[in-house]
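Student: Once you've had a glance at the structure underneath, I'll fire off some questions.
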DNA sequence: TAGTGGTCTAGACCACATA
DNA sequence: ATGTGGTCTAGACCACTAG
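Residue numbers (this note's numbering), protein chains in the order written: chain P, 1094 to 1354; chain S, 1094 to 1354.
In structure tokens:
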């Protein structure tokens, strides 16, 4: 029975939590405590991306709370895209393989406001030093090495985005050109399935700039063309930064679409 | 008793809904039906911005459902910023006067990632024709007139944003320069308190451009300076568009901050 | 002290997916 | 047929606000 299998893991985690919080759990509501425990289990990879987690009833038994309390914890985790519910099937760890998450981290739309599939070309994948800002983002010393990826994205076969990506090295050391070129799907899907790193959120700083030399070359534009510059830091479980990305976007035919609410 | 006062309104609304949906309410879950009724009441200004709405128990009695079902409807409305809960006090119609909504529709942050208060100068407030795109956004014929506002926003007394705002005319006809200049607070707060129009969401299209002549003049920049251009349509209850705004943002010292999740 | 929202429970029934 | 999540109910108790 799946339930018993998970029990072994979960009891460990429950007790770890118990120790950390000193019994009273800081007076957080029960459902918040359970939410934390599930998040910790996700961070510690008790359940992997795409896997089925125990049913609401099993979790309720495990945590010694009612099913309604588990449900409230799951509600929030689903709203934050950590989990995915399928009625009749169960609750699953969210992945970047799902159709619906294809444009979750890519907000570039055409004039009509629709998202299009991109054609991608990997220009570079090397172990290198990185710009100073990258070291700051990861709080790492200057001796560290990063995997540096450069990618050109085209829409309707017109180059639109040139991005430089830096990934910390112990974790992504095995990443190479062949793997990137053969992969069908989003980059975050690749990171998840081959490196066990699931991106949960990102922060972007958007500015208007003049293009760098590489953008001029690969986007085929004049050096005076205004470029939408996006500087992104992406985070995995536990708010650990695991990717820094700078992209230069040609916004003649496309725009960054954002909903405020 | 406040409860009885509201009953008169609510019963009308309930019956309107009932007629529209033909009894079976399209098989929507109860809490979704109640959410719709509350949204309709907000749209029809049964309760005004900032006002207390009936308690969960009163609403439950009114709609003949359990308090838990009302709560689930309110949960979603609060998450979408339509309502605001205050424990011990009650549930209120959300406003743009609250401190927390000051930067809800202004995502410009300084290098450290913090939001700053702006100094605003109204350059223009006139009843005018508008660019063609504005007519499209409102689905209005070319005979219509709009209120056109031009505003310069500065941070640390350096001009950073120049925005042009178009508002449809029957609704905002009374808007004038004196009112705009004397108003302390956000523009959406003004629209809400003086024109009964509460913005609930907006969509932005962001591009990099060269500045228009007016931006060159008022931002004090060279015509070749890249500018972050934001084209916004803002909506009130019922997804009716009520504002079109184009802003040109100088992103030398500030950036558009966006969280993806 | 009374009324409000916030948490938690227990149990019923429904809709859906899978075998 | 079974087990899953989805909805709905009724009731208890707690935390907070205000008169």
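Glycine included, each C-beta is placed from N, C-alpha and C at the ideal position.
Owing to the predicted nature of the structure, the values given are computational and were not obtained by experimental measurement.
Taking only beta-carbon atoms, is residue 1321(S) less than 8 Å away from chain P?
Tutor: Yes, contact with chain P.
Student: Quick check on DSSP: helix, strand or coil for residue 1353(S)?
Tutor: Correct three-state label for residue 1353(S): strand.
Student: Let's see if you can read the secondary structure: which residues bound the beta strand (DSSP E) around residue 1252(S)?
Tutor: Looking at the DSSP string, the run of the beta strand (DSSP E) that includes residue 1252(S) is 1251-1261.
Student: At the 8 Å Cβ level, is residue 1178(P) part of the contact set with chain S, yes or no?
Tutor: Answer no: the Cβ-Cβ gap between residue 1178(P) and chain S never drops below 8 Å.
Student: If the criterion is Cβ atoms closer than 8 Å, does the pair residue 1146(P) and residue 1188(P) meet it?
Tutor: Going by C-beta atoms, residue 1146(P) is not nearer than 8 Å to residue 1188(P).
Student: Assuming residue 1221(P) and residue 1238(P) form a contact by the criterion Cβ under 8 Å, report the distance between their Cβ atoms to the nearest whole angstrom.
Tutor: Correct: roughly 7 Å between the Cβ atoms.
Student: Any idea what DSSP makes of residue 1347(S), helix, strand or coil?
Tutor: Strand.
Student: Check whether the Cβ of residue 1247(S) sits closer than 7 Å to any heavy atom of the ligand SAM, and report yes or no.
Tutor: In the structure shown, the ligand SAM is absent, as is every other ligand, since no ligand is present at all.
Student: Who does residue 1219(S) pair with in a DSSP beta bridge?
Tutor: In the DSSP output, where bridge partners are listed per residue, residue 1219(S) has 1241(S).
Student: Identify the contact partners of residue 1173(P) in chain S, using a Cβ-Cβ distance below 9 Å as the criterion.
Tutor: The answer, in chain order, is 1354.
Student: Hey, does residue 1338(S) have any beta-carbon neighbour from chain P nearer than 8 Å?
Tutor: No, residue 1338(S) does not count as interfacial toward chain P.
Student: Less than 6 Å between C-beta atoms, sequence neighbours within five positions excluded: which residues of the same chain meet that for residue 1095(P)?
Tutor: Its pLDDT being 37, under 50, residue 1095(P) is placed unreliably by the model, and the measurement read from it follows with that caveat. There are no such residues.
Student: Decide if residue 1274(P) is buried, meaning its Cβ has at least 16 other Cβ atoms within 10 Å, or exposed.
Tutor: By the neighbour-count rule (16 or more Cβ atoms within 10 Å), residue 1274(P) is not buried but exposed.
Student: Taking all protein chains shown into account, decide if residue 1205(S) is buried (16 or more other Cβ within 10 angstroms of its Cβ) or exposed.
Tutor: Result: exposed.
Student: Are any of the Cβ atoms in chain P nearer than 8 Å to that of residue 1182(S)?
Tutor: It does not: the Cβ of residue 1182(S) has no partner Cβ on chain P nearer than 8 Å.
Student: Note down the Cα distance separating residue 1229(P) from residue 1223(P), rounded to an integer number of angstroms.
Tutor: One C-alpha to the other measures close to 10 Å.
Student: Below 8 Å between beta carbons is the criterion; list the residues of the stretch 1288-1320 of chain P that meet it against any residue of chain S, in chain order.
Tutor: Against chain S - using a Cβ distance shorter than 8 Å - the residues of the stretch 1288-1320 of chain P are 1293, 1294, 1295, 1296, 1297, 1298, 1299, 1300, 1301, 1302, 1303, 1317, 1319 and 1320.
Student: Please confirm whether residue 1197(P) has its beta-carbon closer than 8 Å to some beta-carbon of chain S.
Tutor: Closer than 8 Å: yes.
Student: Quick one: is residue 1150(S) buried, meaning 16 or more other Cβ sit within 10 Å of its Cβ, or exposed?
Tutor: Exposed, because fewer than 16 other Cβ atoms sit within 10 Å of the Cβ of residue 1150(S).
Student: Any C-beta of chain S within less than 7 Å: which residues of the stretch 1151-1163 of chain P qualify?
Tutor: Those would be none; no residue qualifies.
Student: Which value, in whole angstroms, describes the spacing of the CA atoms of residue 1265(S) and residue 1195(P)?
Tutor: So the two alpha carbons sit approximately 40 Å from each other.
Student: Count the CB pairs spanning the stretch 1321-1338 of chain P and the stretch 1289-1296 of chain S that are closer than 8 Å, and state whether there are at least three.
Tutor: Short answer: they don't touch.
Student: Relative to chain P, which residues along the stretch 1324-1351 of chain S have a C-beta separation below 7 Å, given in chain order?
Tutor: Cβ contacts with chain P come from 1344, 1348, 1349, 1350 and 1351.
Student: Check whether the stretch 1307-1321 of chain S and the stretch 1342-1354 of chain S are in contact - that is, three or more C-beta pairs closer than 8 Å.
Tutor: Yes: at least three Cβ pairs fall under 8 Å.
Student: What's the gap between the Cα of residue 1258(P) and the Cα of residue 1148(S)?
Tutor: If I take the Cα positions, the gap works out to 51 Å.
Student: What residues are listed by DSSP as bridge partners for residue 1183(S)?
Tutor: DSSP, once it has assigned bridges, lists 1179(S) as partnering residue 1183(S).
Student: Quick test of your reading: residue 1127(S) and residue 1166(S), contact by CB under 8 Å. State the CB separation rounded to the nearest angstrom.
Tutor: Contact flag correct, Cβ pair sits at about 4 Å.
Student: Keeping to the same chain, check which residues put their C-beta closer than 7 Å to that of residue 1169(P); ignore five residues upstream and five downstream.
Tutor: Once the five neighbours on either side are set aside, the close Cβ partners of residue 1169(P) are 1128.
Student: If residue 1144(S) sits next to residue 1171(S), beta carbons under 8 Å apart, how far is it from one beta carbon to the other, in whole angstroms?
Tutor: Contact flag wrong, Cβ pair sits at about 15 Å.
Student: Among 1296(S), 1354(S) and 1308(S), which one has its Cα closest to the Cα of residue 1353(P)?
Tutor: The shortest Cα separation from residue 1353(P) among 1296(S), 1354(S) and 1308(S) belongs to 1296(S).
Student: Leaving out five residues on either side along the sequence, give the residues of the same chain with a beta carbon under 6 Å from the beta carbon of residue 1177(S).
Tutor: 1185 and 1187.
Student: Checking the sheet assignment: what are the DSSP bridge partners for residue 1342(P)?
Tutor: Looking at the DSSP assignment, residue 1342(P) forms a beta bridge with 1254(P) and 1321(P).
Student: Decide if residue 1343(S) is buried, meaning its Cβ has at least 16 other Cβ atoms within 10 Å, or exposed.
Tutor: Answer is buried; the Cβ neighbour count reaches 16.
Student: Return helix, strand or coil for residue 1248(S), following the three-state DSSP convention.
Tutor: Strand at residue 1248(S).
Student: Please report the straight-line C-alpha distance between residue 1115(P) and residue 1124(P), rounded to a whole angstrom.
Tutor: At residue 1115(P), the pLDDT of 34 sits below 50, so the modelled position is not reliable and the matter cannot be decided from this model.
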